[in-house]
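Enquirer: Here it is: the structure, laid out below.
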Amino acid sequence: ESIGLLLAPVADCDLKALLERKPFRNSFILRQAFGCLCSAVQYLHSQSCRHKDIKPANILIKNGEVFITDFGTARDWSEAGHATTTGITGPYTPAYAAPEVAGWEPRNKAADIWSLGCVYLDMLTVLKGEDSESRITFFKANGS
């Protein structure tokens with residue numbers, strides 16, 4: 007019934023900006039971010055919370071550490087007893103939305119895992135020397 011804000015030093019950038027930098031020179035940050043992001047999402051889920059909008063723009067970077075931010079669409083399911091929601095989907099980012107989110111089907115914490123996988127794909131694309139737009143171009147040409 008209350009809102010809390012955690013304030014820390016301002017981020018250096020978000021993951022979206024980091025992935026778009028040319029030339030890309032931050033592979034160490036990306037390589038360590040895989041485990042950190044996985045642990046963060048697992049922690050959220052263990053606390054009965056779905057983020058519902060995991061994407062690079064909602065991941066902040068400060069001194070090489072990653073922080074998930076923007077809990078505006080997050081859902082606390084501790085009182086409901088289950089993570090599943092139905093009905094009309096609220097705002098979402100199509101490139102990172104699970105099929106069940108885009109299709110307004112019943113969705114749960116697996117949708118966060120899908121979104122995290124899309125973020126991982128962006129990170130891997132850049133680590134392999136491609137820009138993040140090449141992933142989007144590939145899926146437009148070949149289906150997603």
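Residue numbers for the sequence shown, in this note's numbering: 7 to 150. All residues carry an ideal CB built from backbone N, CA and C; glycine is no exception.
1. Looking only at C-alpha atoms, which of 48, 68, 131 and 58 sits nearest to residue 20?
2. Provide the residue span of the beta strand (DSSP E) that contains residue 68, from first to last.
3. Taking a contact to mean a Cβ-Cβ separation below 7 Å, would you say residue 25 touches residue 125 in this structure?
4. On the DSSP bridge assignment, give the partners of residue 113 in chain order.
5. First and last residue of the alpha helix (DSSP H) that includes residue 85?
6. So the beta strand (DSSP E) residue 73 belongs to, where does it begin and stop?
7. Taking DSSP's pairing of strands, which residues face residue 20 in a bridge?
8. Are three or more beta carbon pairs between the segment 100-108 and the segment 39-47 nearer than 8 Å?
9. Opposite residue 56 in the DSSP bridges: which residues?
10. Does DSSP put residue 118 in a helix, a strand or coil?
11. Tell me whether residue 128 sits in a helix, a strand or coil according to DSSP, three-state version.
12. Which of the three DSSP states is assigned to residue 32 in this structure?
13. Given a threshold of 16 other Cβ atoms within 10 Å of its Cβ, counted over all protein chains shown, does residue 97 qualify as buried or as exposed?
14. Taking the alpha helix (DSSP H) that residue 146 falls in, what are its first and last residues?
Expert: Quick look at the numbers:
1. The residue from 48, 68, 131 and 58 with its alpha-carbon nearest to that of residue 20 is 68.
2. Annotation for residue 68: the continuous beta strand (DSSP E) segment containing it runs 65-68.
3. The answer is no: Cβ separation not under 7 Å.
4. According to DSSP, which records beta bridges pairwise, residue 113 is partnered with 91.
5. Note, residue 85: premise wrong, no alpha helix (DSSP H); not H, not E.
6. From DSSP, the beta strand (DSSP E) with residue 73 extends over 71-74.
7. The partner list for residue 20 (beta bridge, DSSP) reads 66.
8. In short, these stretches do not touch, since the Cβ pair count stays below three.
9. Beta-bridge pairing links residue 56 to 81.
10. In this structure, residue 118 counts as helix in the three-state DSSP scheme.
11. Helix.
12. DSSP places residue 32 in coil when its eight states are reduced to three.
13. Classification of residue 97: exposed, given that the 10 Å Cβ count is below 16.
14. 138-148 is the extent of the alpha helix (DSSP H) around residue 146.
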